[in-house]
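For reference, the structure is listed below as structure tokens.
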Amino acid sequence: MSNPPIIAVIGVTGAGKSTFINTASGKSDHGVGYGIDSFTQVVQTSSALVDNAWVNLIDTPGWDDTHRTDTDILTLIGDHLGNLFGADQLLQGVVLLQPITGTRVYGTERKRTRLFEKICGMSAFPNIVIATTMWSDVVDQAAAHQRVQERIGSPEFWGSMVQGGARVMKHDNTQESALTIIRTLLSNQARPLQLQTELAQGYDLANTSVGVQLTADITAMVFTGQNRIEELEEEVRRTAADNAALRAKLQGDINDLNDEVKKQKEEIEKLRRKKVSATGICSSTY
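In the UniProt record's numbering, the protein residues as written are 1 to 286.
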């Protein structure tokens, strides 16, 4: 008997990944988190019955987790994808959930989109559905639709994926909506993601396309932090010696930034040390 098709569900914390899977499966035993903390702490798999056939849905920990770094999240995702690839199980597709409310601050959305693209690779773009969520929370529907169109038209967001065959679909939090998205992906030919093939070729996680991108993103944050530290140090030097309160505040800001830069540098080293691999070579050829 062949294995059920596999679909991965990816998105930032709070995008509604666990809710999407619960809705699709008609179950409520798969936990749901609220707020800025990710409920899903490990990669989990649930099954949904779609047109009398079982489909396995992979729930991944969310980006922008308040308790875990993006390196930790990428390691968990990479390890699971590598194991699937080694077991000769390819993904039927990937659902990228994207809240459209605009009520949360997604200043890193562009970075997360780049990381997602690097995980999937261009050859897997046709196997992607970008599902917009949280429509019931939207007050200005016209503005929300405009945000969707702006992202579709921008290569810095969804434009490249859409041009490469990805589809953008509205998820209204009903079971039929979730199943329609899944059916769309079931019509595709299963294929490996770029991260899977790179791991199977022996790449260390840091040297994969997504690892290189994540390293570049963190390095840019280090550079920005160091520049800001230099600016604050210069401001301290210009501040009168008798203005103790301002000097103390500036020094506190410098100390906080130094701590943050130190953590970011440690994150780069941690990524370089991570060892994730595919546990076998997929027999499928493309």
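Even for Gly, the Cβ is constructed at its ideal location relative to N, Cα and C.
Does DSSP classify N22 as helix, strand or coil?
-> For the purposes of this step, residue 22 is taken as residue 22 along the sequence shown, with counting starting at 1. The answer is helix: DSSP assigns N22 an H, G or I state.
Answer yes if the segment 54-62 comes into contact with the segment 152-170, meaning at least three C-beta pairs across the two stretches below 8 angstroms, and no otherwise.
-> no
Any heavy atom of the ligand SAM within a distance shorter than 7 angstroms of the CB on I152?
-> Inclusion of the ligand SAM in the displayed structure is not the case, the ligand content being empty and no account of it being possible.
Beta carbon of K249, beta carbon of A206: below 8 angstroms?
-> Taking the sequence shown and counting its residues from 1, one reaches residue 249 at position 249. Taking the sequence shown and counting its residues from 1, one reaches residue 206 at position 206. No, the pair does not count as a contact, with Cβ atoms beyond the cut-off.
Could you tell me the distance, in whole angstroms, from the CA atom of D217 to the CA atom of Q226?
-> Mapped onto the sequence shown, residue 217 falls at position 217. Mapped onto the sequence shown, residue 226 falls at position 226. Taking the straight line joining both Cα atoms gives about 14 angstroms.
Would you please state the rounded distance, in angstroms, between the beta carbons of I268 and L232? I believe it to be under 8 angstroms.
-> On the sequence shown, residue 268 is found 268 positions in, with the first residue counted as 1. On the sequence shown, residue 232 is found 232 positions in, with the first residue counted as 1. 23 angstroms between Cβ atoms; not a contact.
Using DSSP bridges, identify the partner residues of D59.
-> As a first step, residue 59 must be located in the sequence shown, where it is residue number 59. Answer by DSSP bridge pairing, in chain order: V9, Q44.
What does G86 pair with, by DSSP beta-bridge criteria?
-> Here residue 86 refers to the residue found at position 86 of the sequence shown. Bridge partners of G86: none, in fact.
Three-state secondary structure assigned by DSSP to I130 = Against the sequence shown, residue 130 aligns to sequence position 130. Correct three-state label for I130: strand.
Return the residue from the list L199, Q194, T132, D70 that minimises the CA-CA distance to R167.
-> Taking the first residue of the sequence shown as 1, we reach residue 167 at position 167. Ranking L199, Q194, T132, D70 by Cα distance to R167 puts T132 first.
Would you list, in sequence order, the uninterrupted alpha helix (DSSP H) runs of no fewer than 4 residues that lie entirely inside the segment 133-215?
-> 141-153, 159-163, 175-186, 194-200
Own chain, CB closer than 7 angstroms to Q89, minus 5 neighbours either side, in chain order = Sequence index remark: in the sequence shown, residue 89 carries index 89 (1-based). Answer for Q89: N3, I6, listed in chain order.
Between the segment 67-74 and the segment 121-137, do three or more beta carbon pairs fall short of 8 angstroms?
-> Counting Cβ pairs under 8 angstroms, fewer than three are found: no touch.
Terminal residues of the continuous alpha helix (DSSP H) containing V261?
-> Within the sequence shown, the letter at position 261 stands for residue 261. Run containing V261: 244-273, per the alpha helix (DSSP H) assignment.
Inter-residue Cα distance where the pair is W135 and V276 | The residue given as residue 135 occupies position 135 in the sequence shown. The residue given as residue 276 occupies position 276 in the sequence shown. Cα to Cα, W135 sits roughly 37 angstroms from V276.
In three-state terms, what does DSSP make of A220?
-> As a first step, residue 220 must be located in the sequence shown, where it is residue number 220. In the structure shown, A220 sits in a helix (DSSP, three-state: H, G or I).
Note down the Cα distance separating G26 from Q92, rounded to an integer number of angstroms.
-> One-based indexing of the sequence shown puts residue 26 at position 26. One-based indexing of the sequence shown puts residue 92 at position 92. Cα-Cα distance, rounded: 21 angstroms.
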